[in-house]
Each structure stands twice: as C-alpha cells, then as structure tokens.
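Contents: one structure, followed by commentary.
Numbering (my numbering), first residue to last: 5 to 302.
Here it is, written out as structure tokens:
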C-alpha cells in the first residue's frame, strides 16, 4: 500500500550493512542468512557497497521469515502505520505487534543480566503499556547504537538466553495475537485482489505466491498464496489457492498453540499441518467433514 501511494520506492537501495543492524543472530532458525544467501545466488545483491532493492526486503520476510527484514520494514513504515493497516485490513482483534528485536530483548537482554526472565515478563503482563514502550526503546538502541548491538549479540551468544521455556511463556502471553477467522478473511481478500488498488494487490500476491515455483503446486493450482510462522509451542499456516479450472479461491488457516515442545519440534521440521492444509486446498469438499470431526456441536 505504501509503495502504491508513492511513500516508498521499491527500486530504492538498502545496504546489507543496514539490514544487519536489525539482525539478532541465533533467534530466527537461520532464516535471515538463508534469504541473503539466496539473493546472492540469484545475483540480486549489488556491489560496493553490497545492497539490495527495497522490493527484495518483503520477499525476505515472506519467503524466508527473516526477522531482520520484518523489523526493518516495521521501523521504516512506523508503528502507527502498521497498526492502522492491520485495522484497515479487518484485523480488528489483532493485538499490536512489536518488533522481533524488541520481543527477544524484552525476554532477556544484557542490561538486566541478574533478573529472572520469567519474573520480568510477568511484570510486563501487569503493565502492558510499559512492554510496548520498552520494546521500542530496546529496538532503537540495538539499531542505532553499535556498542549496544555488539554487547547484546555477545551476551546472547554467551548466555543462550532467553530459554525455550521463557520463550513459550512470553509467546503465549505477550506476542501479538490474532484470530483464524480474521486471517481467513484477509487471505480471501488478497486472493481476490481486494486491497485498495490493483498495484497493491499485485505486489502482495507476487510475494505470497512464491510456492508456485514448485511443479507439484503447478499441477494442482493456478495460483497459491502462503505464509507460515512459528514460535516455541506455536505453529501457524495460512493459504489461499485456486484449484485448476476453478474461479473461487479456497482458504485454509490453521493456528496451533500450546503444543508440547516435542510435538512442536517434530511438526516444525516434518510439517504435517502444512500437508493437512494442502490436502484441504486440493479437496475442499473435505473441509465440512473435518469441521464436524473437530467441532461436532457447531
């Protein structure tokens, strides 16, 4: 939307050094580095200094779930614009998202080495406004202050905090929350070019439909849009698809929370929830049967 409105230029340059200012190593399962590596393999990185086009930053976020790319865009657009966009897209039950940097440093950071991380999070639960304010301050310090960033990176590398249990507690209580129904409506809207103008819809679908490079998807669908997400104990996946020959999209949204850690780790790598979603997309007549099985009273 910002690009279509002329507020951002997709052809402008972003240096890799600038993106690195938003990168906290060890907390994105290698996503950021994979994104940079693929851009390098595709010849998308320009030299002297190394830089990419702004249009590649959303691709890093959508295709590889780069936290650094997401945080760069959030800071570029501003918190107010992010929240207003969410509401305008119908995500009225969505809680305000903070940067990934801010979230991980709220859980644990080098300025409070002796504090119990669980107790610190519980204090933010009692005062949610301070959570948002402190997350913003920590993000700004990490991005703008090289000494702070270096100290934080070294501390996380040496201390391995926050722990998985701390991350699970934080994610279930303070991480941004939304509803499957609202995200299903959003995916249907995107699938039917329902943004404010044609250019915005085209750009959004171009990013989301990256899985169409795979022959298996081309055999089943004319278009398929996809985004997933994971945090300890949480797995989410959202799809829209047009089965071949169909003019009405099928939308599948699966949100899982409070998964046992062993199940979460297994599913994160074997992706049975994605296979369930793809089955439903290819055979949408199975959706009512599954709904009846899961929730027989409704």
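Where a beta carbon is used, it is the ideal one built from N, C-alpha and C, also for glycine. All values reported here derive from a predicted model rather than from experimental measurement.
Give the range of the alpha helix (DSSP H) segment to which residue i is assigned.
i, result
"residue 77", "71-81"
"residue 207", "202-212"
"residue 297", "290-298"
"residue 65", "60-68"
"residue 170", "168-177"
"residue 148", "132-148"
"residue 40", "35-45"
Taking the beta strand (DSSP E) that residue i falls in, what are its first and last residues?
i, result
"residue 55", "55-57"
"residue 238", "238-247"
"residue 19", "17-19"
Closest to residue i by CA distance: which of the options is it?
i, options, result
"residue 118", "163, 143, 77 and 130", "163"
"residue 249", "132, 225 and 52", "225"
"residue 243", "235, 282 and 261", "282"
"residue 150", "22, 139 and 169", "22"
"residue 172", "253, 108, 294 and 43", "108"
"residue 121", "92, 166 and 209", "166"
"residue 272", "10, 32 and 27", "32"
"residue 142", "100, 79 and 176", "79"
"residue 39", "64, 157, 252 and 92", "64"
"residue 278", "240, 48, 137 and 27", "240"
"residue 9", "289, 132, 203 and 255", "203"
"residue 5", "201, 153 and 287", "201"
"residue 26", "154, 15, 194 and 188", "154"
"residue 51", "17, 24 and 185", "17"
"residue 148", "299, 24, 289 and 15", "24"
"residue 255", "214, 47 and 188", "188"
"residue 124", "287, 177, 296 and 299", "177"
Could you round the C-beta distance between residue i and residue j to whole angstroms and report it? I think they count as a contact, below 8 Å.
i, j, result
"residue 260", "residue 238", "7 Å"
"residue 196", "residue 253", "7 Å"
"residue 274", "residue 235", "Not a contact, Cβ separation roughly 18 Å."
"residue 161", "residue 30", "7 Å"
"residue 111", "residue 170", "5 Å"
"residue 1", "residue 194", "Lying before the first or after the last residue shown, residue 1 is absent from the chain, which here runs from 5 to 302."
Going by the beta-carbon positions, is the gap between residue i and residue j smaller than 8 Å?
i, j, result
"residue 104", "residue 74", "yes"
"residue 207", "residue 230", "no"
"residue 182", "residue 95", "yes"
"residue 76", "residue 61", "yes"
"residue 228", "residue 245", "yes"
"residue 90", "residue 98", "yes"
"residue 71", "residue 36", "yes"
"residue 168", "residue 265", "yes"
"residue 340", "residue 42", "Examination of residue 340 is not possible in this model, given that the chain is present from 5 through 302 alone."
"residue 136", "residue 100", "yes"
"residue 139", "residue 106", "yes"
"residue 81", "residue 13", "no"
Since residue i sits in a beta bridge, which residues does DSSP pair it with?
i, result
"residue 235", "238"
"residue 182", "Answer by DSSP bridge pairing: none, since residue 182 is not bridged."
"residue 224", "Bridge partners of residue 224: none, in fact."
"residue 230", "243"
"residue 256", "243"
"residue 105", "Paired residues: none, contrary to the question."
"residue 50", "55"
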